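Heads up: the structure comes next, in structure tokens.
Numbering (UniProt numbering), first residue to last: 1 to 296.
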């Protein structure tokens, strides 16, 4: 069975009535929380997971190399920040998301407003009521892979950006352990274009998770080792899309035909995603150079 067939099979899985109710309820709470306990439970969940990941990082890796992570922290914590933040990274394993954010300071992990919103595969994260609650409180947005860029998950992500939140995406959309960065999906392009305020867009490249959770092993059990595992996380400089977005808006305002607008939107998304891929590859090249040096 190909990876595409596997994803389609998971997307078409049948959920029980309680799971469907949980998915609906917790997704509503994510967008417009009404429960008095929501913020407290979310804060506790984020702190618990972040603390556990810090323990795994401390005990499961021989060395951890952080490059410019402090700049990302400063950007997120900046009290004068007027823009939302989008970070995007290569995707090596299903452990990427929790482990990467375990590198953030504890003071951030206990504050939902300073913690990322992440898009996660619905069939892997919201498949029963317990996990629907857990991942919702952990600020994971259920995403239907292969359902396009106009699905609810992308709409929710844009809503969070309009609230000046931090949204993280893995735009390859699948775990890719090949040497090359895969083609990036267009959903992140739509987020950048439709955010009411131009977001701060920051690339992240990481290396080392392929050894921890290799694809194809019989059981998906992480292989941590305090004696030989190494982890590199590199944060790039913000990417400025202001000129491109301004040109897109001006040209779009002059168009009257909806088909022409759709074509312009499509071409602009392609340009944005290609720029994202170029910047991620530059960061990868620099990271791979460091990995092969005597300093690693």
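Heads up, the beta-carbon is just placed ideally off N, CA and C, and yes, glycines get one too.
Bear in mind the structure is a predicted one, so any value in this text is a computation, not a measurement.
| Query | Result |
| --- | --- |
| Relative to the C-alpha of residue 241, which residue among 227, 199, 88, 34 is closest? | 199 |
| Going by other Cβ atoms of all chains shown within 10 Å of its Cβ, with 16 needed for buried, is residue 231 buried or exposed? | buried |
| From the DSSP output, which residues share a beta bridge with residue 187? | BP columns for residue 187 are empty, so no partner. |
| So, does the segment 252-268 touch the segment 154-168, judging by three or more C-beta pairs under 8 Å? | no |
| Out of 243, 181, 229, 144, point me to the one whose CA is closest to residue 193's CA. | 243 |
| To the nearest angstrom, how far is it from the Cα of residue 6 to the Cα of residue 19? | Confidence at residue 6 is low in this model, with a pLDDT of 45, below 50, so its placement is unreliable and the value that follows should be read with caution. Going from the Cα of residue 6 to the Cα of residue 19 covers about 21 Å. |
| To the nearest angstrom, report how far apart residue 97 and residue 246 are at their CA atoms. | 32 Å |
| If you draw a straight line from the alpha carbon of residue 180 to that of residue 272, how long is it in whole angstroms? | 19 Å |
| Should residue 213 be labelled buried (16 or more other beta-carbon atoms within 10 Å of its own) or exposed? | buried |
| Please state if the CB of residue 87 and the CB of residue 206 are separated by a distance shorter than 9 Å. | no |
| Would you kindly check if the distance between the Cβ of residue 166 and the Cβ of residue 84 is under 9 Å? | yes |
| Ends of the beta strand (DSSP E) at residue 40? | Unbroken run through residue 40 is the alpha helix (DSSP H), 38-60; no beta strand (DSSP E). |
| Quick one: is residue 278 buried, meaning 16 or more other Cβ sit within 10 Å of its Cβ, or exposed? | exposed |
| Between the beta-carbon of residue 44 and the beta-carbon of residue 137, is there less than 9 Å? | yes |
| Mapping the DSSP letters down to three states, classify residue 219 as helix, strand or coil. | coil |
| In its own chain, which residues sit with a C-beta less than 6 Å from the C-beta of residue 234, not counting the 5 before and 5 after it? | 67, 205, 283, 287 |
| Between residue 252 and residue 124, what straight-line distance do the alpha-carbon atoms span, to the nearest angstrom? | 38 Å |
| Would you give the residue range spanned by the alpha helix (DSSP H) that residue 153 belongs to? | 152-162 |
| Mind reading off the beta-carbon distance from residue 132 to residue 141? Whole number of angstroms is fine, and I expect it under 8 Å. | Actually they do not touch by this definition, with Cβ atoms about 12 Å apart. |
| Residues bridged to residue 173 by DSSP? | Per DSSP, none; premise fails for residue 173. |
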